[in-house]
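Enquirer:
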Amino acid sequence: MQLDAITSLDESSLVATQKILSGAKNRLDAILAERRLTEESFVELAAIYDNVAYVFLYLESNEQYVDYRWLLPYRDAFFKDQDLDRTLLALCESLQCGNPDIEECRRAYVGHLNDKLAADHTSTAELARLQDQAKDIVQAGRKDQLAFLARLGVDTEGGTADTIGYTLISATPDAARRTKLASAMTALRDRRLDPLIDTVDRMIDIRRATSRRQGARSVLEQTMRRCAIPEDTARHIVDAYVSGAVEDRGLLDSEIREAIGDVDTPVDHFGHYIRTLQGDLKVPLFDLRSCLDFMEGVTTRVFGLSMRRLPDSGPGVWTVVVFRGDETIGYINFDLWDSGRNRTANTTSGIRNRVDWGSIVQLPIAYISCRFHRNPDGREIITFQNVHSLFHEVGHALNHILIRKRLPTLSGLDYLPLERIEDLSMWTEKWVYHPDFVSHLDLSEEEREGMRFCQRVKILEYRRNHIDRAVTAALDFEVHRASSGGLREAFKRLDDRFGVARHCSLGEFPVYFAWPMINANPGATFAYTRSAAESAEAFSPLLSRRLSDLEPAEFEASFGACLDFDEPSSSPDIGSIFAFYNDALWRPAG
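Per our numbering, residue 7 is the first one in the sequence shown, and the count goes up by one each step.
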């Protein structure tokens with residue numbers, strides 16, 4: 007299967023991004039210079055903050071592709087300036103809004119600012135330092151792995167240690183050598199495991215001390231205040247997923263052994279298993295515009311929205327205007343990254359695109375990266391993996407545009423309970439399995455067979471990753487629920503209950519505790535599990551329906567929980583995750 011080359015972006019390619027952020031800051035300063043807020047200026051302020059937050063969330067999610075550290079002073083200027091926070095608090099406290107929804111947001115923002123100003127900034131700074139330290143330790147291990155691969159004569163340019171190592175092991179025909187390579191990569195990853203775990207445990211201890219000072223029973227208790235489900239429900243989600251993941255891994259191990267022979271640790275041979283399944287089958291690439299056209303059809307049939315690309319977007323970005331009827335409700339910038347071009351040429355304008363803060367700042371602006379290859383005929387084509395990522399990001403973009411109430415905070419989605427922020431994106435990503443998507447692409451019979459294989463591989467990859475996702479969520483939940491102990495103790499307790507050590511090792515998991523999600527919402531990784539189950543339950547009935555038969559009216563109530571905090575959170579059956587992918591695996595292609 008074709009892998010996407012990973013290319014770094016020059017800092018010069020972000021110069022226009024700096025102009026956008028500078029323009030946003032200038033507009034914010036102009037609002038504050040009025041020394042009073044109106045309903046209209048508060049809405050504009052919220053839109054500025056949400057859009058800037060989306061930019062940095064977007065950049066952070068692509069940090070392995072682009073070095074944006076020189077833009078971080080703008081994030082600090084918006085979100086880490088206490089004098090600015092005090093000014094905003096004073097202005098918001100003196101404002102009374104006639105619109106009840108805006109007034110509710112204003113009050114929530116006042117509460118947010120009060121909490122932020124009362125926070126222990128010394129602890130916050132220490133957590134940020136430790137998070138960077140953990141990332142540096144992980145990166146050192148990856149450099150060791152790349153050096154090892156280079157000594158084997160492998161080209162290590164344009165890829166990560168994980169992807170290059172996976173490709174090498176997958177292509178190795180001898181099972182014993184695959185085992186040795188996998189063991190060597192694991193040993194290099196774990197060379198600094200003790201200091202990495204110590205760093206993560208120190209972060210956990212700081213959070214515990216902070217929560218105790220604030221009168222909370224645990225770190226998790228504080229996090230659950232931003233959820234609409236009780237802690238016991240979250241506990242059930244975590245336990246049910248770990249149990250199901252262990253059972254499914256046993257089944258996957260048997261399938262791998264049946265295909266490639268008896269091996270000690272089947273998941274180490276997963277890539278070779280995939281190559282065995284593929285045989286001589288050619289894997290297709292897909293037309294980017296056709297994929298986007300299909301997703302536009304989904305937004306029309308389900309949400310009643312229409313989209314129109316701006317003609318002057320430029321070659322490196324497609325800026326799309328989103329309409330509800332005749333009303334413009336937001337913009338999506340599709341940031342085009344040509345994976346086949348060299349480093350200096352790959353300077354897109356995407357999120358660096360021109361923005362008129364005076365006219366559209368009150369409308370949400372979302373950003374989606376599209377990594378593609380350009381055919382000799384000029385068509386943009388993408389891998390199936392990137393189609394899946396694209397559809398997922400469309401869900402986040404729609405969430406950003408359609409959310410009914412906004413808070414000017416760093417995430418931009420704080421006006422949803424944590425357990426629901428991935429519901430819509432995980433629902434949109436599942437359209438890659440729908441028969442109508444296959445039909446829409448107008449593929450040849452050979453390409454349809456290749457598409458079916460791509461779908462199968464994605465499902466198998468999801469099954470392989472169940473253990474990682476489940477154990478990460480369980481460790482995150484456990485250490486932030488407990489008053490003492492660290493990752494080692496939590497992993498042992500989890501193994502005692504579920505036998506997870508048969509399928510994974512502790513060294514796989516500390517890296518996830520350097521993620522911003524856990525630092526911002528400690529204990530809440532279970533949110534991904536709940537959204538996976540919720541989206542599976544919501545999407546499964548659509549697999550047997552035609553897109554052309556869907557009408558927005560039947561979905562009006564379906565997505566309320568994705569758009570409004572006050573809607574209740576459902577309690578999906580965690581087994582739906584496993585059932586959905588089994589159903590999609592054996593369902594005939596379109």
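Yeah, the Cβ is synthetic: ideal placement off N, Cα and C, and Gly gets one too. Please read all numbers here as calculations on a predicted model, not as lab measurements.
May I ask you to report which of helix, strand or coil DSSP gives G336?
Expert: In the sequence shown, the residue the question calls residue 336 occupies position 330. Strand at G336.
Enquirer: When you compare the region 381-394 with the region 287-295, are there three or more beta-carbon pairs, one atom per stretch, that lie closer than 8 Å?
Expert: yes
Enquirer: Please list the terminal residues of the continuous beta strand (DSSP E) segment that includes Y373.
Expert: For the purposes of this step, residue 373 is taken as the residue at position 367 of the sequence shown. Where Y373 is concerned, the enclosing beta strand (DSSP E) stretches over I371 to R380.
Enquirer: Starting from R314, trace the beta strand (DSSP E) in both directions and tell me its first and last residue.
Expert: Working through the sequence shown from its first residue, we reach residue 314 at position 308. That run of the beta strand (DSSP E) goes S312 to R315.
Enquirer: Mapping the DSSP letters down to three states, classify L416 as helix, strand or coil.
Expert: Translated into the one-based positions of the sequence shown, residue 416 becomes position 410. Only weak support is given to the placement of L416: the predicted model assigns it a pLDDT of 45, under 50, and the question is left unresolved by the model.
Enquirer: Does DSSP put I473 in a helix, in a strand, or in coil?
Expert: Along the sequence shown, read from residue 1 onward, the residue named residue 473 stands at position 467. If DSSP states are grouped into helix, strand and coil, I473 belongs with the helices.
Enquirer: Can you tell me whether R218 is helix, strand or coil according to DSSP?
Expert: One-based indexing of the sequence shown puts residue 218 at position 212. Note: R218 maps to helix in three-state DSSP.
Enquirer: Flag this pair as yes or no: are the beta carbons of R148 and A167 separated by less than 7 Å?
Expert: Start at 1 with the first residue of the sequence shown, and residue 148 comes out as number 142. Start at 1 with the first residue of the sequence shown, and residue 167 comes out as number 161. Cβ atoms of R148 and A167: closer than 7 Å.
Enquirer: Hey, could you find the ends of the beta strand (DSSP E) I387 is sitting in?
Expert: Your numbering for residue 387 matches position 381 in the sequence shown. Note, I387: beta strand (DSSP E), E386 to I388.
Enquirer: Can you determine whether any heavy atom of the ligand PLP sits closer than 6 Å to the C-beta of L199, and answer yes or no?
Expert: Because no ligand of any kind appears in the structure shown, any question about the ligand PLP cannot be addressed here.
Enquirer: Count the other CB atoms within 10 Å of the CB of T305; is the residue buried (16 or more) or exposed (fewer)?
Expert: Counting from 1 along the sequence shown, the entry for residue 305 is found at position 299. The residue in question, T305, is buried, as its Cβ has 16 or more Cβ neighbours within 10 Å.
Enquirer: Return the CA-CA distance between W76 and S450, expressed in angstroms with no decimal places.
Expert: Translated into positions along the sequence shown, residue 76 becomes position 70. Translated into positions along the sequence shown, residue 450 becomes position 444. Spanning the two alpha carbons is a distance of roughly 47 Å.
Enquirer: Are the beta-carbon atoms of T205 and A140 separated by less than 7 Å?
Expert: Position 199 of the sequence shown holds residue 205. Position 134 of the sequence shown holds residue 140. Closer than 7 Å, so yes.
Enquirer: Three Cβ pairs or more, each shorter than 8 Å: is that satisfied between the region 306-315 and the region 324-332?
Expert: These segments touch.
Enquirer: Going by alpha carbons, who is nearest to R214 out of R487, L287 and R92?
Expert: Taking the sequence shown and counting its residues from 1, one reaches residue 214 at position 208. When only C-alpha atoms are compared, the closest one is R487.
Enquirer: Closest to E264 by CA distance: which of A538, T282 and E253 is it?
Expert: The count along the sequence shown starts at 1 and reaches residue 264 at position 258. Across the set A538, T282 and E253, the C-alpha of T282 shows the shortest separation from the C-alpha of E264.
Enquirer: Sorted by chain position, which residues of the same chain lie with C-beta nearer than 6 Å to D259's C-beta, five sequence neighbours on each side aside?
Expert: Position 253 of the sequence shown, counted from the start, is the residue given in the question as residue 259. The residues are P272.
Enquirer: Does W592 pass the burial test, meaning 16 or more other C-beta atoms within 10 Å, or should it be called exposed?
Expert: Counted from its first residue, the sequence shown places residue 592 at position 586. W592 counts as exposed, since fewer than 16 other C-beta atoms from the protein chains shown sit within 10 angstroms of its C-beta.
Enquirer: Compare the C-alpha of P522 against each of I37, V58 and L65 and name the closest.
Expert: Within the sequence shown, numbered from 1, the residue matching residue 522 stands at position 516. The option with the nearest alpha carbon to P522 is L65.
Enquirer: Given this structure, state the Cα-to-Cα distance separating F300 from D200, to the nearest angstrom.
Expert: As a working mapping, residue 300 is identified with position 294 in the sequence shown. As a working mapping, residue 200 is identified with position 194 in the sequence shown. Rounded to whole angstroms, F300 to D200 spans 48 Å at the Cα level.
Enquirer: I think D107 touches T185, with their Cβ atoms under 8 Å apart; what is that distance to the nearest whole Å?
Expert: Stepping through the sequence shown from its first residue, residue 107 is reached at position 101. Stepping through the sequence shown from its first residue, residue 185 is reached at position 179. D107 to T185, Cβ: 59 Å. No contact.
Enquirer: In the region 470-551, which residue ranges form an unbroken alpha helix (DSSP H) of at least 4 residues, counting only runs that do not cross its ends?
Expert: Runs of the alpha helix (DSSP H) inside the region 470-551: 493-504, 522-526 and 532-545.
Enquirer: Identify the continuous alpha helix (DSSP H) that holds H446 and give its terminal residues.
Expert: Counting from 1 along the sequence shown, the entry for residue 446 is found at position 440. It spans P441 to H446 - the alpha helix (DSSP H) in which H446 sits, taken as one unbroken run.
Enquirer: Roughly how far, in whole angstroms, is the beta-carbon of E45 from the beta-carbon of C103, given that I think they are within contact range, below 8 Å?
Expert: In the sequence shown, counting from the first residue as 1, residue 45 sits at position 39. In the sequence shown, counting from the first residue as 1, residue 103 sits at position 97. Contact flag correct, Cβ pair sits at about 5 Å.
Enquirer: For a test of the three-state rule: what should DSSP assign to R330, helix, strand or coil?
Expert: Against the sequence shown, residue 330 aligns to sequence position 324. Strand, per DSSP.
Enquirer: In three-state terms, what does DSSP make of S286?
Expert: Here residue 286 is taken as the residue at index 280 of the sequence shown, counted from 1. The sequence shown places Asp at residue 286, not Ser. D286: coil per DSSP, three-state reduction.
Enquirer: Do A496 and V248 have their beta-carbon atoms positioned less than 7 Å apart in this structure?
Expert: Your numbering for residue 248 matches position 242 in the sequence shown. Your numbering for residue 496 matches position 490 in the sequence shown. Their beta carbons are not under 7 Å apart, which means V248 does not touch A496 by this criterion.
Enquirer: Indicate the three-state DSSP secondary structure (helix, strand or coil) for L342 in the structure shown.
Expert: Counting from one through the sequence shown, the residue named residue 342 turns up at place 336. Looking at L342 - three-state DSSP - the assignment turns out to be strand.
Enquirer: Pull up the distance between the alpha-carbon of D142 and that of L158, whole angstroms please.
Expert: Stepping through the sequence shown from its first residue, residue 142 is reached at position 136. Stepping through the sequence shown from its first residue, residue 158 is reached at position 152. Cα to Cα, D142 sits roughly 25 Å from L158.
Enquirer: Using a 10 Å radius around the Cβ and a threshold of 16 neighbouring Cβ atoms, would you call Q88 buried or exposed?
Expert: The sequence position of residue 88 within the sequence shown is 82, counting from 1. Q88 is exposed by the Cβ-count criterion.
Enquirer: Would you kindly work out how many angstroms separate the C-alpha atoms of V144 and L43, rounded to a whole number?
Expert: In the sequence shown, the residue the question calls residue 144 occupies position 138. In the sequence shown, the residue the question calls residue 43 occupies position 37. When rounded, the distance between both Cα atoms is 46 Å.
Enquirer: Starting from the Cα of D341, find the closest Cα among G250, Y373 and S537 and give me that residue.
Expert: Residue 341 sits at position 335 when you count from the first residue of the sequence shown. Selected option, being the one with the closest Cα: Y373.
Enquirer: Would you list the residues sitting across from W324 in a DSSP beta bridge?
Expert: Along the sequence shown, one-based indexing puts residue 324 at 318. Paired residues: F340.
Enquirer: Please work out which residues of its chain come closer than 7 Å, Cβ to Cβ, to Y279, disregarding the five sequence neighbours upstream and downstream, and give them in chain order.
Expert: Indexing the sequence shown from 1 puts residue 279 at position 273. Excluding sequence neighbours, Y279 sits near I262, A265 and I266.
Enquirer: Using a 10 Å radius around the Cβ and a threshold of 16 neighbouring Cβ atoms, would you call E253 buried or exposed?
Expert: For the purposes of this step, residue 253 is taken as the residue at position 247 of the sequence shown. Classification for E253: exposed.
Enquirer: Given this structure, state the Cα-to-Cα distance separating A533 from L424, to the nearest angstrom.
Expert: Taking the sequence shown and counting its residues from 1, one reaches residue 533 at position 527. Taking the sequence shown and counting its residues from 1, one reaches residue 424 at position 418. Each residue's alpha carbon lies about 6 Å from the other.
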